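Remarks on the structure that follows.
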Amino acid sequence: MPSQPSRELERFPNPHPERDYVVHMDLPEFTCLCPLTGQPDFAHFMLDFIPDQHNVELKSLKLYLWSFRDEGAFHEAMTNRIADDLICLINPRYLRLLGRWYVRGGITTDVLIEHRQPGWQNPDILSQLPTVRWAQHQPGH
């Protein structure tokens with residue numbers, strides 16, 4: 202049976218909650234609609250997080266992202282919504298979501314969200330994350 206889009210994000214227990222480690226996900230195929238024109242908007246998301254007690258399950262994340270295909274939202278609202286849903290689901294020690302929105306009307310939009318659990322710090326592991334480079338006309342660059 203083919204998969205269907207779903208807003209049901211799933212999680213699983215972190216196999217190593219005693220240690221900080223980074224999960225990096227490259228999510229290059231996001232699509233939703235422009236709320237003003239109804240035309241498709243495309244984004245490339247890059248997600249980095251340090252799990253606490255849970256991780257996000259990959260197939261559910263794929264189906265969740267697919268579920269926005271026919272929904273209209275501004276870039277900033279959609280990027281924040283995705284970050285909020287992930288934070289609510291897994292309560293990570295740290296999360297960074299970069300949304301790189303493809304050029305529309307000659308304008309490229311990048312939206313960066315960062316979240317930390319109160320009191321959590323680990324500057325050594327955060328220094329290992331790739332530096333955010335703002336879009337150079339094409340997402341993913």
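Just remember that the working numbering sits 201 ahead of the position in the sequence shown, which is counted from 1. Even glycine gets a Cβ: it sits at the ideal position worked out from N, Cα and C. Fair warning: this is a prediction, and the values are worked out from it, not measured in the lab.
Helix, strand or coil: which one does DSSP assign to residue i?
i           : result
residue 324 : helix
residue 222 : coil
residue 296 : strand
residue 262 : helix
residue 335 : coil
Who pairs with residue i in a beta bridge, going by DSSP?
i           : result
residue 244 : 231, 302
residue 250 : 224, 296
residue 273 : 234
Which residue marks the beginning of the alpha helix (DSSP H) containing residue i, and which one marks its end?
i           : result
residue 282 : 276 to 291
Just mark residue i as buried or exposed, buried being the case when its beta carbon has 16 or more other beta carbons within 10 Å.
i           : result
residue 213 : exposed
residue 245 : buried
residue 289 : exposed
residue 293 : buried
residue 279 : buried
residue 297 : buried
residue 222 : exposed
residue 302 : buried
residue 283 : buried
Mind reading off the beta-carbon distance from residue i to residue j? Whole number of angstroms is fine, and I expect it under 8 angstroms.
i           : j           : result
residue 300 : residue 276 : 7 angstroms
residue 210 : residue 248 : Not really, about 13 angstroms apart at Cβ, beyond 8 angstroms.
residue 215 : residue 255 : 6 angstroms
residue 291 : residue 319 : With 8 angstroms as the limit, residue 291 and residue 319 do not qualify as a contact, their Cβ atoms being about 16 angstroms apart.
residue 250 : residue 224 : 5 angstroms
residue 207 : residue 264 : 4 angstroms
Terminal residues of the continuous beta strand (DSSP E) containing residue i?
i           : result
residue 313 : 308 to 317
residue 213 : 212 to 214
residue 255 : 255 to 257
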